[in-house]
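For the sequence shown, the positions run -23 to -1, 1 to 264 when mature numbering (1 follows the signal peptide of the UniProt record, and there is no 0) is used.
Each residue gets a CB set at the ideal place from its N, CA and C atoms; glycine is no exception.
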Amino acid sequence: MKLFKQLLLATSLIMMAITPLFAADADPDTLKVALLPDENASELIKRNKPLKDYLEIALNKKVELIVTTDYSSMIEAMRFGRIDLAYFGPLSYVMAKSKSDIEPFAAMVIDGVPTYRSILIANVDSGIDSYADIKGKKMVYGDRASTSSHLIPKTVLLEEGGIEAQTDYEQHFVGSHDAVAMNVANGNADAGGLSEVIFNFVVERQLIDPTKVKVLGHSKPYPQYPWAMRSNLNDDLKARIKDAFISLDDEEVLNNFKAEGFAPITDADYDVIRDMGKILNLDFDKM
């Protein structure tokens, strides 16, 4: 009994010691901001320095930009509170939402709308001229948790081409959107799926030879990549974070996102992603 009381006292003291830390965490001195790991990490950090500078001024806080090794580690980092806000893909957001208490607050606006498309491409020497021609070929996707480089193109192939991964074609995951474009252009894969915006960026930067790639088609529009934050940040900070994005008009920051601005969003906007997951029989909790 005496030992039990000693253990109880020790536990109480530990909880008393760490409670202030949890309370302070609702308003951290340094905001840890995660960027979607769909391109080279060092390039992402460098290119988003204007965002870091903007947020530090707008929020009067230090900002640390973080690029995790992959989508899964980003989801887990948010789950365990190691990051405060993050730029997710729609699918990785839905997966993170199923595992942690987060809320989306802003999405990019491009050409006047907060939506985007996936693009399906093929190597010009692959013999592929349509989705049906991908049968028996090697198809590459980015990350398993990527929306525009996995979920959307795979759904397009199933619904519009009537072909299914593994059954009708080989599927391989190469990690990032730019890696998809490079593998297809170099002939290491016959076809691939990725974000239209990133494909255009890769072509503009001359990271691939565009004469080596043909465009097979585009998906319909889907809700843009969301910014989301921990729900247990304090209400004033959450409001200021949301306002900082919605009111953002810094051209240098927006140019890095190829965006005109940011629009407010809610979790319900991503129900369409959950519906696609059902079509592919995906279990978001186990991905």
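N- and C-terminal bounds of the beta strand (DSSP E) containing residue i
{"i": "residue 195", "result": "190 to 195"}
{"i": "residue 39", "result": "39 to 44"}
{"i": "residue 121", "result": "Premise fails: residue 121 is in no beta strand (DSSP E) and is neither H nor E."}
{"i": "residue 80", "result": "79 to 86"}
{"i": "residue 64", "result": "62 to 64"}
{"i": "residue 147", "result": "147 to 150"}
Boundaries (first-last residue) of the alpha helix (DSSP H) holding residue i
{"i": "residue 166", "result": "No alpha helix (DSSP H) contains residue 166, which DSSP labels as neither H nor E."}
{"i": "residue 181", "result": "173 to 181"}
{"i": "residue 21", "result": "18 to 24"}
{"i": "residue 131", "result": "129 to 137"}
{"i": "residue 126", "result": "Where residue 126 is concerned, there is no enclosing alpha helix (DSSP H), given that its DSSP letter is neither H nor E."}
{"i": "residue 56", "result": "48 to 56"}
Coil, strand or helix - residue i by DSSP
{"i": "residue -16", "result": "A caution first: residue -16 carries a pLDDT of 43, below 50, which makes its placement in the model too unreliable to give a value."}
{"i": "residue 101", "result": "coil"}
{"i": "residue 279", "result": "Absent from the model: residue 279. The displayed extent of the chain is -23 to 264, so no value can be given."}
{"i": "residue 234", "result": "helix"}
{"i": "residue 200", "result": "strand"}
{"i": "residue 222", "result": "helix"}
{"i": "residue 258", "result": "coil"}
{"i": "residue 96", "result": "strand"}
{"i": "residue 249", "result": "helix"}
{"i": "residue 205", "result": "strand"}
{"i": "residue 322", "result": "Absent from the model: residue 322. The displayed extent of the chain is -23 to 264, so no value can be given."}
{"i": "residue -4", "result": "Because residue -4 sits at a pLDDT of 35, beneath the cut-off of 50, its placement in the model cannot be relied upon, and the point is left open."}
{"i": "residue 3", "result": "coil"}
{"i": "residue 8", "result": "strand"}
{"i": "residue 114", "result": "coil"}
From the options, residue whose alpha carbon lies closest to that of residue i
{"i": "residue 154", "options": "55, 245 and 66", "result": "66"}
{"i": "residue 198", "options": "19, 96, 79 and 211", "result": "96"}
{"i": "residue 231", "options": "100, 27 and 14", "result": "27"}
{"i": "residue 89", "options": "77, 41, 201 and 222", "result": "201"}
{"i": "residue 77", "options": "113, 206 and 224", "result": "206"}
{"i": "residue 43", "options": "18, 140 and 52", "result": "18"}
{"i": "residue 159", "options": "2, 4, 246 and 16", "result": "16"}
{"i": "residue 113", "options": "225, 140, 83 and 22", "result": "140"}
{"i": "residue 110", "options": "51, 129, 134 and 237", "result": "134"}
{"i": "residue 9", "options": "59, 21, 142 and 241", "result": "59"}
{"i": "residue 249", "options": "61, 92 and 126", "result": "92"}
{"i": "residue 25", "options": "35, 12 and 36", "result": "12"}
Paired residues, beta bridge with residue i - DSSP
{"i": "residue 90", "result": "87"}
Exercise for review: Decide yes or no for the touch test of the segment 207 to 221 against the segment 117 to 124: beta carbon pairs closer than 8 Å, at least 3 of them.
Suggested key: no
Review point. Counting Cβ pairs closer than 8 Å, one from the segment 174 to 190 and one from the segment 35 to 50, do we hit at least three?
Key: no
Check your understanding: Within the chosen definition, does the segment 189 to 197 reach the segment 96 to 115 through at least 3 CB pairs nearer than 8 Å?
Key -> yes
**Study point:** Stretch-stretch touch, CB-based, cutoff 8 Å, three pairs: the segment 243 to 259 with the segment 100 to 112
**Key:** no
Review point. Would you call the segment 161 to 170 and the segment 182 to 191 in contact, with 3 or more CB pairs under 8 Å?
Key: yes
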